[in-house]
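In this note's numbering, the protein residues as written are 151 to 423.
Every residue gets a Cβ at the ideal spot worked out from N, C-alpha and C, and that includes glycine.
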């Protein structure tokens, strides 16, 4: 009898867990056996960005493969943890299942949530209750304490601004942020044009970027996604410039005015498509 989709998924996931256990076992792969949490973590970040790239390109067959690679990271960490006696992949799944049920009382309980905003409000309240139940010092701990410093800077800035806004420490509207952005640009320009101590320009540049991220938050724009889209646009237009010039060596021989003309043509070419 044919397996259902859920049964097939369970079978495949179990096989993946068993394969990873064998790779890390006494007679397993020498490379896999040598890995540690610290040696694997950089691969996790790489695989995450490859998932992003496949999604942005709508490359669905590639996304399937990239999600498999990302799942491999989870299996790897869980197996290493099991080897050390910390926890198992079953513990990971059970913890996730319990959390999903607990934080969706509007689905698995009798709480009403008619829109996404209410769902998020309930989610944050449940998180606070979980921390209190776990013995967290909610009165003494910083509201920002659980935001990892190791996050990509754009994401960290957005999290910091969003968390501070929960206690009212925020710009009241987007106009205030536009004014702050103008102020930060002026301060940066003053530092660049004057004689400043080492690090002053970097500090002002950081303030400008932090303000820009908070402006994106108010505009409900994901700054990471916005910047990735801008990067992709720049790539397309620059490649078009190279093609029109006859290659990157020929492009390097062009004057600034000629480069600007090629850039304008690349932009116009996109608009015509």
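Based on Cα-Cα distance, which residue from the options lies nearest to residue i?
i	options	result
residue 308	264, 352, 334 and 371	371
residue 293	304, 302 and 278	278
residue 325	369, 410 and 298	369
residue 162	414, 190, 398 and 218	218
residue 199	405, 378, 164 and 403	378
residue 169	266, 182 and 202	182
residue 385	362, 413, 230 and 361	413
residue 327	361, 165, 344 and 179	361
residue 216	201, 300 and 400	201
residue 173	420, 233 and 192	233
residue 419	269, 347, 391 and 409	391
residue 230	417, 167 and 210	167
residue 320	301, 300 and 367	367
residue 171	228, 329 and 380	228
Roughly how many angstroms lie between the CA atoms of residue i and residue j, to the nearest whole one?
i	j	result
residue 288	residue 212	Residue placement at residue 288 is flagged as unreliable, the pLDDT there being 46, under the threshold of 50; a coordinate-derived value is accordingly withheld.
residue 290	residue 284	For residue 290, the pLDDT reaches just 48, beneath the cut-off of 50, and the residue's location in the model is therefore unreliable, although a value from the coordinates is still provided. For residue 290 and residue 284, the distance between alpha carbons rounds to 15 Å.
residue 375	residue 364	14 Å
residue 154	residue 280	35 Å
residue 411	residue 382	20 Å
residue 393	residue 152	53 Å
residue 296	residue 303	15 Å
residue 415	residue 398	16 Å
residue 342	residue 351	6 Å
residue 406	residue 389	17 Å
residue 222	residue 194	9 Å
residue 244	residue 164	15 Å
residue 421	residue 271	41 Å
residue 192	residue 240	24 Å
residue 175	residue 184	11 Å
residue 148	residue 179	Past the boundaries of the shown model lies residue 148; the chain is included only from 151 to 423, so the question cannot be answered.
residue 417	residue 373	23 Å
residue 336	residue 344	12 Å
Following the continuous alpha helix (DSSP H) through residue i, name the residue where it begins and the one where it ends.
i	result
residue 321	Careful: residue 321 lies outside any alpha helix (DSSP H) and carries neither H nor E.
residue 302	No alpha helix (DSSP H) holds residue 302; DSSP gives it neither H nor E.
residue 180	180-184
residue 352	350-368
residue 130	It is not possible to answer for residue 130, since the shown part of the chain is limited to 151 through 423.
residue 218	210-234
residue 202	187-206
residue 424	Nothing in the structure corresponds to residue 424, since the chain is present only between 151 and 423.
residue 258	255-258
residue 266	266-283
residue 404	It is not in any alpha helix (DSSP H) - residue 404 carries neither H nor E in the DSSP assignment.
Assuming contact is defined by CB atoms lying nearer than 8 Å, are residue i and residue j in contact in what I supplied?
i	j	result
residue 206	residue 220	no
residue 354	residue 334	yes
residue 226	residue 190	yes
residue 276	residue 252	yes
residue 387	residue 395	no
residue 358	residue 338	yes
Are any of the Cβ atoms in chain B nearer than 8 Å to that of residue i?
i	result
residue 249	Note that chain B does not occur in the displayed structure, where there is just one protein chain.
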